[in-house]
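Residue numbers (our numbering), protein chains in the order written: chain A, 55 to 309; chain B, 55 to 309. Glycine is no exception: its CB is placed at the ideal position from the N, C-alpha and C atoms. Being a predicted model, the structure only gives us computed values, none of them experimental.
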């Protein structure tokens, strides 16, 4: 199926659920929509914190068809949204067309599915991926660089690997700079303020085995944590795991 | 004096010492020179950590005359260098021409003098600036995003301000994005892992007064901390406070 057809099927409700296995050769994206009066600050936040918040595309106010996906409709093509008011999730609709207006600015943020696909191709598929689970994600105490009214701490995703695989994992993921790139760090969850790897704040619990080293990447759920911490008056995001499917091929992102 | 004349005077030894008051309308820069085999990783480190490490210019291997300062010689125009081997400072020469070779890559990193000049023009001169001291700088426990063999924690500079001045200070400094921009954070040194504001790792002790809030910015000394933490086999940097003077006007950096 083409990415256009997949988006149409999600929009029509023909397919649903986590998007990772849909259009697996295409870049998927985190969505964060904020009022136009917050857009410059959000762009600044991303520019100052590019590892968790790499911007694939910023749309014009009111626009819902990104350049990276001609014909798409960001208001319906994800199939699962979160609506936030004053930093609190207030609804989880299937589409947000009725909430859209010319004063909203959408940002698409790179997603780890890109480098996970690259890892799988090299025989380094993450364990949660093999088990059909969601990746575990953790709030950290690592402060983001503030940007105007926006502040917060970084969210990271974690994939366990044996120590002797880490250099390969780093090398495979490094080129995907707009999809979080190489790991942020590894082996020291306490340094990030993570005290219990068994209880992630988002996603599923990890399957940690003897000899595993936890490897951490910047995570595109970070903007949602910023919306909460900064009490942004209104925002729309994707639901974790239910991403926007672009037309971009993963390899186009490698640099 | 033109910036070209100031550089010539430093090179000749006619003037010396901290450079902040020299060519005060011109952008000054932190210097970090690494072997060509480490240059891509250093560029990556800066791209992934742009608040402490904003790149003004990356030179070609062996080059010592940056585009931002025609006629300059990075090997002599700072007047005070540090030479590092395996992450250890081994010399503090006045010039480094004899150490230079075609396998070295120089990076110029934005410097807080740019936004301090802007603050002074708005009646918000930092206190250390008024007292003729160096700004206090602190190692933090905030981890940088790793880049290949390079890792470390962020160094921040600190300027105390009364609480009701902070929004103005943020607004004045925000446009200078290639000179660390707006503050990283403020008011919570413990969140950065700073336990004693009275004993900075670099620069002079602060003059903290009742009602002051410590305001923290990303600091261009961070690459030196990375050289130490990562045991880079060879590096040349400026000495703190003895910067490279470019031809760029501060206002050209504002965006």
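When C-beta distances to chain A are compared with 8 Å, the residues of the segment 184–216 of chain B below that value are 195, 196, 197, 199, 200, 201, 202, 205, in chain order. At a beta-carbon threshold of 9 Å, the residues of chain B lying near residue 236/A are 98, 102, 199, 200, 201, 202, ordered along the chain. Residue environment: residue 104/B is assigned as buried (16 or more neighbouring CB atoms within 10 Å of its CB, all protein chains considered). Counting C-beta atoms within 10 angstroms of its own C-beta, residue 193/B has 16 or more neighbours from the protein chains shown and is therefore classed as buried. Contact annotation: the segment 284–302 of chain A touches the segment 86–93 of chain A, with at least three C-beta pairs closer than 8 Å.
Excluding five sequence positions before and after residue 134/A, the CB atoms of its chain that fall closer than 6 Å to its own CB belong to 293, 296, given in chain order.
Residues are counted here when their Cβ sits less than 9 Å from a Cβ of chain B; for the segment 234–260 of chain A these are 235, 236, 237, 238, 239, 240, 242, 245, 246, given in chain order.
For residue 274/A, not one C-beta of chain B is nearer than 8 Å to its own C-beta. Secondary structure at residue 253/B: coil, using DSSP grouped into helix, strand and coil.
One thing to note: residue 172/A has its Cβ within 8 Å of the Cβ of residue 227/A.
Of all residues in the segment 81–93 of chain B, none places a beta-carbon less than 7 Å from a beta-carbon of chain A. Residue environment analysis places residue 212/B among the buried positions, since at least 16 neighbouring C-beta atoms fall within 10 angstroms of its C-beta. Taking all protein chains in view, the Cβ of residue 274/B is crowded by 16 or more other Cβ atoms within 10 Å, so the residue is classified as buried.
Distances from the CA of residue 309/B to each of 236/B, 106/B, 125/B were compared; the closest alpha carbon is that of 236/B. Annotation: Cβ neighbours of residue 105/A in chain B (cutoff 7 Å, chain order): 102, 199. Residue 148/B and residue 136/B have their C-alpha atoms roughly 9 Å apart.
A contact between stretches requires three or more CB pairs, one per stretch, nearer than 8 Å, and the segment 185–192 of chain B meets this requirement with the segment 245–255 of chain B. The alpha-carbon of residue 92/B is positioned some 23 Å away from that of residue 233/B.
Exclusion of the five residues before and after residue 74/B leaves 167 as the residues of its chain whose Cβ lies within less than 6 Å of its Cβ. Within its own chain, the residues whose Cβ lies closer than 7 Å to the Cβ of residue 179/A, once the five positions on either side in sequence are excluded, are 173, listed in chain order. In the structure shown, the three-state DSSP call for residue 230/B is coil. Here DSSP, grouped into helix, strand and coil, assigns residue 157/B to coil.
The C-alpha of residue 132/A is placed about 7 Å away from the C-alpha of residue 65/A.
With respect to the 8 Å criterion, residue 140/A and residue 285/A are classified as neighbours on the basis of their beta carbons.
Taking C-beta separations shorter than 8 Å and ignoring five residues to either side along the sequence, the partners of residue 157/B in its chain run 89, 90, 91, 115, 116, following chain order.
Counting of Cβ neighbours within 10 angstroms places residue 249/A among the exposed residues, the total staying below 16. In this chain, the alpha helix (DSSP H) harbouring residue 170/A covers 167–175. With contact defined as three or more Cβ pairs closer than 8 Å, the segment 257–273 of chain A and the segment 238–245 of chain A are in contact. Shortest Cα-Cα distance from residue 183/A to any of 261/A, 299/A, 98/A, 94/A involves 261/A.
Assigned with DSSP and collapsed to three states, residue 189/A falls in coil, not helix or strand. In the structure shown, residue 225/A adopts helical secondary structure according to DSSP, grouped into three states.
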